[in-house]
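Written out below as structure tokens is the structure these notes cover.
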Amino acid sequence: MNNRIQKALTANEKNLVISVYNYLKNNKQYIKFPHSFNLRAEVSKATGISESTIGNILAKKNKNIEIVDSKQGHRPSKEIQPEIRNKLRELIYDANKNGKLLTLKIL
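If you read the sequence shown in this note's numbering, its first letter stands for residue 1328, the second for the next number, and so on.
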């Protein structure tokens, strides 16, 4: 079990995975007994990255796709206009001050 914090990989980290893979692939023991090694599992143990992620990185490398930083899948943040934000704060403050129940209809 890996203790790595799951976050997007940078291009340098992906290149490191490829370097470790190539190093292990050119290892003399692997060349003599290629069927006794699971290269993805060995790279996973060495780097702490899951085998499926390593497979995805190697697939992109084999298709000659440029290796770039991964992007986090965040929704774009929507900014509330300052006038509306201040009005909402006033409504919430007044409702809390007077002990009134706030609903979305009121807001």
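Don't be surprised by glycine CBs; every beta carbon is placed ideally from N, CA and C.
Worksheet item: Which word fits V1395, buried or exposed, when buried means at least 16 other C-beta atoms lie within 10 angstroms of its C-beta?
Response: In the sequence shown, counting from the first residue as 1, residue 1395 sits at position 68. Result: exposed.
Worksheet item: Are the stretch 1337 to 1350 and the stretch 1369 to 1380 touching by the rule of at least three beta carbon pairs closer than 8 Å?
Response: With the cut-off at 8 Å, the stretch 1337 to 1350 and the stretch 1369 to 1380 touch.
Practice prompt. Tell me where the alpha helix (DSSP H) around T1374 begins and ends.
Written response: Translated into the one-based positions of the sequence shown, residue 1374 becomes position 47. Counting along the chain, the alpha helix (DSSP H) containing T1374 begins and ends at 1366 to 1374.
Item to complete: Can you have a look at M1328 and say buried or exposed, based on whether 16 or more other CB atoms are within 10 angstroms of its CB?
Response: Stepping through the sequence shown from its first residue, residue 1328 is reached at position 1. Bear in mind that a pLDDT of 47 at M1328, under 50, signals an unreliable position, so the model cannot answer this.
Fill in: I1381 in three-state terms, based on DSSP
Position 54 of the sequence shown, counted from the start, is the residue given in the question as residue 1381. Assigned with DSSP and collapsed to three states, I1381 falls in helix.
Worksheet item: Taking Cβ positions, are A1368 and E1378 nearer each other than 8 Å?
Response: Your numbering for residue 1368 matches position 41 in the sequence shown. Your numbering for residue 1378 matches position 51 in the sequence shown. The beta carbons of A1368 and E1378 sit closer together than 8 Å.
Worksheet entry | L1428 - DSSP class collapsed to helix/strand/coil | Residue 1428 sits at position 101 when you count from the first residue of the sequence shown. L1428 falls in the coil class under three-state DSSP.
Discussion item. I'd like the span of the alpha helix (DSSP H) that includes N1339, first residue to last.
Written reply: The residue you call residue 1339 lines up with position 12 of the sequence shown. According to the DSSP assignment, N1339 belongs to the alpha helix (DSSP H) that extends over 1338 to 1352.
Worksheet item: Out of curiosity, what's the CA-to-CA distance linking S1346 and L1431?
Response: Within the sequence shown, residue 1346 is the residue found at index 19, counting from 1. Within the sequence shown, residue 1431 is the residue found at index 104, counting from 1. Distance between the alpha carbons of S1346 and L1431 is about 55 Å.
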